[in-house]
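For the sequence shown, the numbering used here gives the first residue as -17, with consecutive numbering after it. From the three backbone atoms N, C-alpha and C, an ideal C-beta is built for every residue, glycine too. Reading through the structure tokens given below for one structure.
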Amino acid sequence: MLKLYGLDLSPWVNRVRFTANMMGLEYDYINIDLMKGEGQSDDYKLIHPAGKVPALDDNGFILFESGAICRYLASKEQSSLYPTTINEKAIVDQWTDFSVNHIASAMQKLLFNRVIYKFTDMEKDDRSLQDGLNFLDRFLPIIDTQLSTSTYLASNELSLADMILLAWLDPAEVSELDLSPYQNISNWRNLLKQQAFYKQCFNSYEDLFAS
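Below is the structure:
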């Protein structure tokens, strides 16, 4: 059986969980508490040399990095989440890369400087926070416009591009990001959060964080 090593609050991990759940894959989920240093154990570093999450063990085939894991699982299962035609696949890759480079990078800044720093010995970086907000102000409208043209991010079919964007917008409430000005994003997000692949992880990210 597949083994997925992760941390519940990690959007990178949740991207993989959403993908696996959507395809109906069975897997053992093994929580790695990075705050307690579990990622730095010698045994775990044989799985992920950087001691990070997620990581996958598919009957001895070890893979890390969330994007690689998602593409591997979708390709292995020949899932429509990652199309086989070159043009359709390129569009999914395009919107996945856009989300990673422009939304995920900005959300990381918000999540750290509004939430995570409180649980570490690191200081809040106001300039980094503002950079993240500026990025989102610039690039969320592009996402919102794209979602006015199709049901999902890359097309009218659910894809890996939706998994990455959903995972990184999941901490919006926790990070005090108001998505109400983006009606298409809000509708798309609410639609996905009602689906079984999401509910199999948690009811909502903010409830998980509160617990």
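Would you kindly report the start and end of the unbroken beta strand (DSSP E) that includes residue i?
| i | result |
| --- | --- |
| residue 134 | Unbroken run through residue 134: none, as it is neither H nor E. |
| residue 44 | 43 to 46 |
| residue 64 | Residue 64 -> no beta strand (DSSP E), and no H or E assigned at all. |
| residue -10 | Run containing residue -10: none; DSSP gives neither H nor E here. |
| residue 25 | Premise fails: residue 25 lies in the alpha helix (DSSP H), 24 to 27, not in any beta strand (DSSP E). |
In the DSSP assignment, the alpha helix (DSSP H) including residue i goes from what residue to what residue?
| i | result |
| --- | --- |
| residue 181 | 178 to 181 |
| residue 185 | Element bounds for residue 185: n/a, residue is neither H nor E. |
Would you mind working out which of the options sits nearest residue i, comparing C-alpha positions?
| i | options | result |
| --- | --- | --- |
| residue 56 | 185, 87, 187 and 4 | 4 |
| residue 132 | 191, 167 and 178 | 167 |
| residue 1 | 81, 85, 118 and 178 | 178 |
For residue i, I'd like the list of residues in its chain whose CB is within less than 6 Å of its CB, leaving aside the five on either flank, ordered along the chain.
| i | result |
| --- | --- |
| residue 204 | Beyond the ends of the chain as shown, which are -17 and 193, falls residue 204; an answer cannot be given. |
Might you give, ordered along the chain, the residues of its own chain that have their beta carbon closer than 8 Å to the beta carbon of residue i, omitting 5 neighbours on each side?
| i | result |
| --- | --- |
| residue 29 | -13, 37, 39, 44 and 46 |
Give me the Cα-Cα distance between residue i and residue j, rounded to the nearest whole angstrom.
| i | j | result |
| --- | --- | --- |
| residue 13 | residue -9 | 10 Å |
| residue 160 | residue 114 | 13 Å |
| residue 42 | residue 62 | 26 Å |
| residue 72 | residue 17 | 37 Å |
| residue 165 | residue 11 | 34 Å |
| residue 145 | residue 64 | 11 Å |
In chain order, what residues of the same chain have a beta carbon less than 7 Å from the beta carbon of residue i, not counting five sequence neighbours either side?
| i | result |
| --- | --- |
| residue 158 | 96 |
| Can you find at least 3 beta carbon pairs, one from the segment 73 to 87 and one from the segment 16 to 30, that sit closer than 8 Å? | Touching, no.
| Inter-stretch contact (C-beta, 8 Å, three-pair minimum) for the segment 57 to 64 and the segment 96 to 103 | no
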